[in-house]
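A.B. asks: So that we are looking at the same thing, I have put the structure below in structure tokens.
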């Protein structure tokens with residue numbers, strides 16, 4: 013007769029992740045997150061005030077932290093195991109409802125949004141508890157996560173009973189306590205497949221950048237003239253620049269450093285800080301920039317108001333500051349060019365309200381591509397060497413068995 017504990021371990025072994033590469037189901041899952049990001053941009057553009065901007069960023073923060081949980085989860089389990097697929101599909105349905113509720117997340121659909129996020133997070137916790145059935149340290153961490161999740165969702169439900177400053181304050185408190193949870197219950201128990209984890213976050217940045225392209229089309233509203241065409245080309249140029257300064261070297265080198273970190277607390281905290289936390293700044297910067305692009309395309313000959321002007325220039329600045337923080341967390345050094353450009357862009361926000369939107373967009377393009385050219389000239393040869401080293405390290409990591417990588 014089969015030993016029950018051996019039978020349980022056998023079933024668990026079939027849901028454990030075995031490879032480094034992101035699976036098709038994970039990419040399918042992330043498509044729903046595309047809609048959620050698009051809805052955040054729509055929320056901001058519908059209410060072009062500082063209040064509307066804050067609401068959009070709060071919604072984005074809640075959505076981001078919910079998505080981050082699944083990026084950790086799929087470093088432990090195989091999302092394409094048949095039993096897991098069904099739960100992932102249920103979670104996707106919950107996220108779809110949440111995404112549809114985003115435009116009224118602070119209005120008539122506030123409770124629907126909160127309950128949808130609750131269902132999405134419950135599916136995540138349930139799968140994590142299954143993955144931790146034979147791992148006491150992981151199970152303890154998941155229980156701590158469940159507590160912070162319950163507190164955050166409870167506060168969002170409570171916030172649905174209020175409006176104005178009280179509602180926004182409860183949202184901010186819910187997001188803060190939810191994201192601070194890992195500091196309260198420790199990081200030793202988590203499991204991580206580093207190159208998969210880094211790749212998953214890189215892909216979500218590409219999805220966010222895709223929202224910038226979508227924003228250009230939405231802003232044009234089916235019209236095309238010389239001004240709109242010029243603004244569209246400049247918008248693509250800006251999205252390409254944001255892609256370049258992350259994926260040219262940063263993504264490869266940071267993935268290698270994560271893989272080389274000591275397995276356990278050190279590696280988990282590096283992943284938590286640089287990816288789960290700091291990447292929110294990168295995504296927020298892209299979403300803000302997409303909002304600014306959408307307004308610019310539709311009103312390219314007009315002056316931008318203060319909120320869209322901040323979104324366009326400040327969004328790129330937030331993205332650059334996120335990259336500065338990302339580098340500092342990995343190597344404890346400051347990228348002065350990116351920090352300097354972020355400061356310049358923030359200083360130029362008032363200027364963007366006094367010139368045509370097309371001119372503001374052109375200025376951002378010229379500045380960011382000038383920085384890229386300067387950086388390329390300074391580390392061109394070393395860049396090629398770093399890319400070769402990082403690609404070789406990544407290939408070697410992918411070829412190693414999972415149990416060897418995570419032992």
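Residue numbers (the working numbering): 13 to 419. Glycine is no exception: its CB is placed at the ideal position from the N, C-alpha and C atoms. Note that the structure is predicted; figures quoted are calculated from it, not measured.
Just to confirm, are residue 366 and residue 312 a CB contact at a threshold of 8 Å?
C.D. replies: Taking the first residue of the chain shown as 1, we reach residue 366 at position 354. Taking the first residue of the chain shown as 1, we reach residue 312 at position 300. Cβ distance not < 8 Å, so residue 366 and residue 312 don't count as in contact.
A.B. asks: Going by DSSP, what residue range makes up the alpha helix (DSSP H) through residue 189?
C.D. replies: Sequence index remark: in the chain shown, residue 189 carries index 177 (1-based). If you look at residue 189, you'll find it in the alpha helix (DSSP H) that goes 176-197.
A.B. asks: Mapping DSSP to helix, strand and coil, what is residue 342?
C.D. replies: On the chain shown, position 330 is the one that residue 342 refers to. If DSSP states are grouped into helix, strand and coil, residue 342 belongs with the helices.
A.B. asks: Comparing alpha-carbon positions, which option in 157, 92, 176 lies nearest residue 117?
C.D. replies: Translated into positions along the chain shown, residue 117 becomes position 105. Among 157, 92, 176, the Cα nearest to that of residue 117 is on 176.
A.B. asks: Should residue 56 and residue 68 be called a contact, given that it needs their Cβ atoms to be closer than 8 Å?
C.D. replies: For the purposes of this step, residue 56 is taken as the residue at position 44 of the chain shown. For the purposes of this step, residue 68 is taken as the residue at position 56 of the chain shown. Closer than 8 Å, so yes.
A.B. asks: Kindly indicate the opening and closing residues of the alpha helix (DSSP H) around residue 200.
C.D. replies: Sequence index remark: in the chain shown, residue 200 carries index 188 (1-based). That residue, residue 200, is in no alpha helix (DSSP H); it is neither H nor E in DSSP.
A.B. asks: Whole angstroms are fine: how far does the CA of residue 233 sit from the CA of residue 273?
C.D. replies: Locating residue 273 in the chain shown gives position 261, where the first residue counts as 1. Locating residue 233 in the chain shown gives position 221, where the first residue counts as 1. Straight-line Cα distance between these residues: approximately 48 Å.
A.B. asks: Would you list the one or two residues that DSSP bridges to residue 320?
C.D. replies: As a working mapping, residue 320 is identified with position 308 in the chain shown. DSSP output for residue 320 lists no bridge partner at all.
A.B. asks: Could you give the distance in angstroms between the alpha-carbon of residue 331 and the alpha-carbon of residue 129?
C.D. replies: For the purposes of this step, residue 331 is identified with residue 319 of the chain shown, where counting begins at 1. For the purposes of this step, residue 129 is identified with residue 117 of the chain shown, where counting begins at 1. Distance between the alpha carbons of residue 331 and residue 129 is about 26 Å.
A.B. asks: Taking 6 Å as the limit between beta carbons, can you name the residues of its chain near residue 103, skipping five residues before and five after?
C.D. replies: One-based indexing of the chain shown puts residue 103 at position 91. Result list for residue 103: 132, 135, in chain order.
A.B. asks: State whether the stretch 357-372 contacts the stretch 279-291, with contact taken as three or more CB pairs (one from each stretch) at a distance under 8 Å.
C.D. replies: no
A.B. asks: Going by alpha carbons, who is nearest to residue 271 out of 205, 358, 228?
C.D. replies: One-based indexing of the chain shown puts residue 271 at position 259. Of the candidates 205, 358, 228, 205 places its Cα closest to the Cα of residue 271.
A.B. asks: What is the residue span of the alpha helix (DSSP H) that residue 258 lies within?
C.D. replies: Here residue 258 is taken as the residue at index 246 of the chain shown, counted from 1. Where residue 258 is concerned, the enclosing alpha helix (DSSP H) stretches over 238-259.
A.B. asks: Could you pull out every residue in the same chain whose Cβ sits closer than 6 Å to the Cβ of residue 323, ignoring the five residues on either side in sequence?
C.D. replies: Translated into the one-based positions of the chain shown, residue 323 becomes position 311. Cβ within range, chain order: 300, 303, 304.
A.B. asks: What are the uninterrupted segments assigned as alpha helix (DSSP H) that are 4 or more residues long and contained completely in the stretch 324-394, given in chain order?
C.D. replies: 327-343, 348-359, 361-364
A.B. asks: What do you reckon, are the CB atoms on residue 150 and residue 202 nearer than 8 Å?
C.D. replies: Residue 150 sits at position 138 when you count from the first residue of the chain shown. Residue 202 sits at position 190 when you count from the first residue of the chain shown. Closer than 8 Å, so yes.
A.B. asks: CA-CA distance, residue 267 and residue 137?
C.D. replies: Position 255 of the chain shown, counting from 1, holds the residue named residue 267. Position 125 of the chain shown, counting from 1, holds the residue named residue 137. Using only the alpha carbons, I get a separation of about 26 Å.
A.B. asks: Would you mind stating whether residue 334 and residue 294 have Cβ atoms separated by less than 8 Å?
C.D. replies: Position 322 of the chain shown, counted from the first residue, corresponds to residue 334. Position 282 of the chain shown, counted from the first residue, corresponds to residue 294. Result yes, Cβ atoms of residue 334 and residue 294 sit closer than 8 Å.
A.B. asks: Quick check: the Cα distance between residue 219 and residue 297, rounded to an integer number of angstroms?
C.D. replies: As a position in the chain shown, residue 219 is number 207, starting the count at 1. As a position in the chain shown, residue 297 is number 285, starting the count at 1. Spanning the two alpha carbons is a distance of roughly 13 Å.
A.B. asks: Considering only the beta carbon of each residue, do residue 373 and residue 308 sit closer than 8 Å?
C.D. replies: What you label residue 373 is simply residue 361 of the chain shown in a count that begins at 1. What you label residue 308 is simply residue 296 of the chain shown in a count that begins at 1. Result yes, Cβ atoms of residue 373 and residue 308 sit closer than 8 Å.
A.B. asks: In whole angstroms, what separates the C-alpha of residue 100 from that of residue 82?
C.D. replies: Counted from its first residue, the chain shown places residue 100 at position 88. Counted from its first residue, the chain shown places residue 82 at position 70. Put simply, the backbone Cα of residue 100 is about 9 Å away from that of residue 82.
A.B. asks: Mapping DSSP to helix, strand and coil, what is residue 168?
C.D. replies: Indexing the chain shown from 1 puts residue 168 at position 156. Three-state result, residue 168: helix.
A.B. asks: Output yes or no for whether 8 Å exceeds the beta carbon distance between residue 44 and residue 107.
C.D. replies: By 1-based counting over the chain shown, the position of residue 44 is 32. By 1-based counting over the chain shown, the position of residue 107 is 95. The answer is yes: Cβ separation under 8 Å.
A.B. asks: Tell whether a beta-carbon distance below 8 Å holds between residue 183 and residue 168.
C.D. replies: On the chain shown, position 171 is the one that residue 183 refers to. On the chain shown, position 156 is the one that residue 168 refers to. Cβ distance < 8 Å, so residue 183 and residue 168 count as in contact.
A.B. asks: For residue 315, list the residues DSSP reports as bridge partners.
C.D. replies: Residue 315 sits at position 303 when you count from the first residue of the chain shown. Bridge partners of residue 315: 368.
A.B. asks: Would residue 58 be called buried (16 or more neighbouring beta carbons within 10 Å of its own) or exposed?
C.D. replies: Along the chain shown, read from residue 1 onward, the residue named residue 58 stands at position 46. It counts as exposed.
A.B. asks: Just to confirm the assignment, what range does the alpha helix (DSSP H) spanning residue 145 have?
C.D. replies: Position 133 of the chain shown, counting from 1, holds the residue named residue 145. No alpha helix (DSSP H) holds residue 145; DSSP gives it neither H nor E.
A.B. asks: Let me confirm a value: residue 355 is counted as buried when at least 16 other C-beta atoms fall within 10 Å, else exposed. Which label applies?
C.D. replies: For the purposes of this step, residue 355 is taken as the residue at position 343 of the chain shown. Answer is exposed; the Cβ neighbour count stays below 16.
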